[in-house]
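Student: Have a look at this one.
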Amino acid sequence: MYAKSFMALDGNGRLTGARTAQTAPYDRYCCHLCGSALQYHPEYQTERPWFEHRYDTLTENGRQHCPYVNPELKETRIIRQ
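Count along the sequence shown from 1, add 28, and you get the number used in my numbering.
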């Protein structure tokens, strides 16, 4: 499980938020920090929309340096709550 991201680059390379992405849920999104492809999760009744890294689409930079893939220990505790 990776940390949820609420920002991504859209197919045109523009920074976009997860709520804005609801207007184009099938666009290609990638991480604004590491360039890895992201999966978009639409808004549900109990959760806001978000982007998620997927293991099979991680770039080498993403595997080694992305804070969404390798969060600090303190952040991991917050994610699990």
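Beta carbons: idealized from backbone N, C-alpha and C, even for Gly.
Predicted model only: the values in this text are computed from it and were never measured.
1) Assuming Ala-65 and Cys-58 form a contact by the criterion Cβ under 8 Å, report the distance between their Cβ atoms to the nearest whole angstrom.
2) Which residues does DSSP list as the beta-bridge partners of Phe-34?
3) Which term fits Phe-79, buried or exposed, when burial requires 16 or more other beta carbons within 10 angstroms of its beta carbon?
4) If you draw a straight line from the C-alpha of Gly-63 to the C-alpha of Tyr-83, how long is it?
5) Roughly how many angstroms separate the alpha carbons of Asp-55 and Gly-90, rounded to a whole number?
6) Let me make sure I understand the geometry here. Which of Pro-95, Ala-49, Glu-88, His-69 has the alpha-carbon closest to that of Gly-39?
7) In the DSSP assignment, find the unbroken alpha helix (DSSP H) run with Gln-92 in it and report its ends.
Tutor: From the atom records:
1) Start at 1 with the first residue of the sequence shown, and residue 65 comes out as number 37. Start at 1 with the first residue of the sequence shown, and residue 58 comes out as number 30. Rounded, the Cβ-Cβ distance is 5 Å, consistent with contact.
2) Residue mapping note: residue 34 aligns to position 6 of the sequence shown, counting from 1. DSSP, once it has assigned bridges, lists no residue as partnering Phe-34.
3) Residue mapping note: residue 79 aligns to position 51 of the sequence shown, counting from 1. Buried, by the Cβ-count rule.
4) Sequence index remark: in the sequence shown, residue 63 carries index 35 (1-based). Sequence index remark: in the sequence shown, residue 83 carries index 55 (1-based). If you take the alpha carbons of Gly-63 and Tyr-83, they lie about 13 Å apart.
5) Here residue 55 refers to the residue found at position 27 of the sequence shown. Here residue 90 refers to the residue found at position 62 of the sequence shown. Rounded to whole angstroms, Asp-55 to Gly-90 spans 20 Å at the Cα level.
6) The residue you call residue 39 lines up with position 11 of the sequence shown. The candidate whose alpha carbon is nearest that of Gly-39 is Ala-49.
7) Taking the sequence shown and counting its residues from 1, one reaches residue 92 at position 64. Looking at the DSSP string, the run of the alpha helix (DSSP H) that includes Gln-92 is 88–93.
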